[in-house]
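Residue 367 is where the sequence shown ends in the working numbering, and the numbering goes up by one at each step.
Accompanying notes for the structure given below.
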Amino acid sequence: MAGFAIETVGLAKGYGRTQALQPTSLSVPMGAVFALVGHNGAGKTTLIKLLMNILQPSAGSATVLGENSTGLTGEAFTRIGYVSENQELPEWMTVRQYLDYLQPFYPEWDDADLVRVLDLPLDRKLKHLSRGMLMKAALASVLAFRPSLIVLDEPFSGLDPLVRDELIEALLEEVEVDTAAERTAPTTILISSHDLAEIESFATHVGYLHQGKLVFAEEMATLIARFREVTVTLGDGAASDAAAPASWVLLETAPSVARFVHSQADTEPVEEQIAAVFPQAVGVEMEPMTLRTIFLALARSGRGPVDMAALEERRNKRTQKTDKSDKADRSRA
């Protein structure tokens with residue numbers, strides 16, 4: 035991949051005292067399938083709307099296909115395809131009328147294969163289509179003109195698995211066709227989604243937004259390589275006074291076991307770190323993580339470590355209290 039389809043430098047958006055998007059610097063390589071993930075309200079849609087010149091930034095700048103985002107015009111959108119979660123379509127039109135209406139705006143257009151692959155009902159009005167079929171029509175209207183950049187904001191939200199898989203298949207098939215044709219500008223996809231399992235199956239890059247802040251943005255393979263679930267079996271002896279490394283997330287300790295997520299397992303000396311913090315360790319297991327488990331770990335990490343021993347003690351106290359209550363009930367009986 036050469037060059038970047040999208041670049042932002044300190045891009046930010048605020049509404050009064052509310053910072054919807056903190057200063058964000060991001061680079062999306064040409065030809066990448068870049069996934070934006072994060073909870074609702076994390077800033078994903080705000081970032082996308084800034085890139086599409088729907089919102090104006092409070093600070094910073096963004097470049098999209100070599101143009102400043104605030105200057106994107108109709109000509110630029112002959113190279114950019116954008117589909118949002120709640121995109122409004124002309125409900126009074128049939129699917130055929132809608133596609134025919136759009137065709138003259140673009141120098142290149144071919145919807146024949148898309149109509150067949152997506153099984154679009156050309157004679158039905160858009161207002162009579164299901165949400166899944168509406169999304170298919172919207173995606174077809176974007177893929178038909180072979181854009182250099184495709185931007186999808188929560189395209190799979192509320193769709194059943196079959197429709198979702200059909201959309202992904204059509205999307206990736208078009209990208210593969212463009213790649214095989216050796217276009218000078220390979221198709222780039224920017225997609226925001228909550229469907230982490232699907233995202234992991236086809237995204238090449240991922241960015242994680244949390245409360246308006248870009249926590250990380252990197253290649254999917256790199257992310258998956260650096261996160262590991264670690265279980266340490268503890269023998270007799272006391273732990274050292276050494277502090278746990280900053281790369282340890284969600285450290286949980288109990289008398290016989292310690293568990294944590296290591297966020298830099300591919301570059302840091304994990305076993306040496308464990309020996310320094312837990313000299314009584316007698317065994318170590320490291321398991322790879324999915325994008326979903328990584329996301330959940332990062333989302334939970336703001337809650338602080340969990341003391342498993344304390345939790346176990348509280349459970350035992352509740353059990354003892356219940357046992358005493360049962361004995362009292364039996365004695366009264």
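For glycine and all other residues, C-beta sits at the position ideal for the given N, C-alpha and C.
Please read these numbers as outputs of a predicted model, since none were measured by experiment.
Looking only at its chain, what residues have a beta carbon closer than 8 Å to the beta carbon of residue i, apart from the 5 residues adjacent to it on each side?
i, result
"Glu-142", "Phe-179 and Arg-180"
"Ala-54", "Lys-47, Gly-48, Gly-77, Thr-80 and Gly-246"
"Thr-128", "Leu-156, Asp-157, Arg-158, Lys-159 and Leu-160"
"Leu-332", "Tyr-242, His-244, Val-249 and Val-283"
"Leu-163", "Val-129, Pro-155 and Ala-171"
"Gly-44", "Pro-57, Thr-58, Ser-59, Ala-93, Gly-94 and Ser-95"
"Glu-109", "none"
"Leu-89", "Lys-47, Thr-80 and Lys-83"
"Val-62", "Phe-38, Ala-39, Ile-40, Glu-41, Phe-68, Thr-222, Leu-224 and His-239"
"Leu-123", "Tyr-132, Leu-160, Leu-168, Ala-171 and Ala-172"
"Met-323", "Ile-258, Phe-261, Arg-262, Glu-263, Val-295 and Ala-331"
"Glu-101", "Ala-110"
Just grab the DSSP bridge partners of residue i for me.
i, result
"Met-320", "Val-264"
"Pro-63", "Phe-38"
"Ala-315", "Leu-268"
"Ala-46", "Ala-93"
"Tyr-242", "Val-71 and Phe-250"
"Thr-128", "Lys-159"
Quick check: does the Cβ of residue i come within less than 7 Å of any heavy atom belonging to the ligand PLP?
i, result
"Ser-92", "By its list of ligands, the structure shown contains no ligand whatsoever, and the ligand PLP lies outside what it can speak to."
Just how far apart, CA to CA, sit residue i and residue j?
i, j, result
"Val-71", "Asp-300", "22 Å"
"Arg-295", "Ala-237", "Reading off the sequence, residue 295 comes out as Val, not Arg. The straight-line gap from Cα to Cα measures roughly 23 Å."
"Lys-159", "Glu-321", "51 Å"
"Glu-210", "Glu-188", "22 Å"
"Gln-314", "Ala-292", "11 Å"
"Thr-265", "Ala-280", "17 Å"
"Leu-257", "Leu-152", "33 Å"
"Thr-107", "Asp-194", "35 Å"
"Val-304", "Thr-287", "17 Å"
"Leu-154", "Leu-201", "12 Å"
"Gly-94", "Pro-57", "7 Å"
"Asp-134", "Met-64", "30 Å"
"Ala-277", "Ala-309", "12 Å"
"Met-167", "Val-117", "14 Å"
"Val-197", "Ser-191", "11 Å"
"Leu-268", "Glu-319", "12 Å"
"Ala-174", "Ser-335", "40 Å"
"Phe-111", "Gly-105", "11 Å"
"Pro-289", "Ser-226", "42 Å"
"Ala-204", "Leu-148", "8 Å"
"Glu-125", "Leu-206", "28 Å"
"Leu-186", "Glu-119", "8 Å"
"Glu-232", "Glu-302", "29 Å"
"Leu-285", "Thr-97", "40 Å"
"Glu-252", "Phe-139", "35 Å"
"Ser-297", "Gly-271", "27 Å"
"Ala-255", "Glu-306", "25 Å"
"His-73", "His-228", "8 Å"
"Asp-199", "Arg-165", "15 Å"
"Met-342", "Leu-85", "Here Met-342 scores only 37 on pLDDT, less than 50, and its place in the model should not be relied on; the value that follows carries that caveat. Looking at the two C-alpha atoms, the distance is approximately 45 Å."
"Thr-327", "Asp-275", "30 Å"
Looking only at its chain, what residues have a beta carbon closer than 6 Å to the beta carbon of residue i, apart from the 5 residues adjacent to it on each side?
i, result
"Leu-325", "Leu-230 and Glu-234"
"Ile-223", "Val-67 and Ile-184"
"Ala-273", "Phe-312"
"Gly-37", "Met-64"
"Gly-115", "Val-176, Pro-181 and Ile-184"
"Ala-259", "Asp-300"
"Leu-136", "Ser-175"
Taking buried to mean at least 16 other C-beta atoms within 10 Å of its own C-beta, is residue i buried or exposed?
i, result
"Asn-87", "buried"
"Gly-317", "exposed"
"Ile-40", "buried"
"Glu-208", "buried"
"Gln-121", "exposed"
"Tyr-132", "buried"
"Pro-91", "buried"
"His-239", "buried"
"Ser-103", "buried"
"Phe-329", "buried"
"Asp-145", "buried"
"Arg-150", "exposed"
"Gly-75", "exposed"
"Arg-262", "buried"
Quick one: what's got a C-beta closer than 7 Å to residue i's C-beta in the same chain, skipping five residues either side?
i, result
"Arg-113", "Leu-99, Pro-181, Ser-182 and Leu-183"
"Arg-51", "none"
"Ala-214", "Here Ala-214 scores only 49 on pLDDT, less than 50, and its place in the model should not be relied on; the value that follows carries that caveat. Excluding residues within five positions, none has a Cβ falling inside 7 Å."
"Met-169", "Pro-189, Leu-193 and Leu-201"
**Request:** Return the chain-ordered ranges of every beta strand (DSSP E) run that is complete within the region 51-118 and spans a minimum of 3 residues.
**Result:** 52-63, 67-71, 93-98 and 114-117
**Request:** Kindly provide the ranges of any alpha helix (DSSP H) runs that are 4 or more residues long and lie completely inside the region 253-312, ordered along the chain.
**Result:** 254-260 and 304-311
**Prompt:** Which parts of the region 148-231 are runs of the alpha helix (DSSP H), unbroken and 4 residues or longer, counting only runs that do not cross its ends?
**Reply:** 165-177 and 195-214
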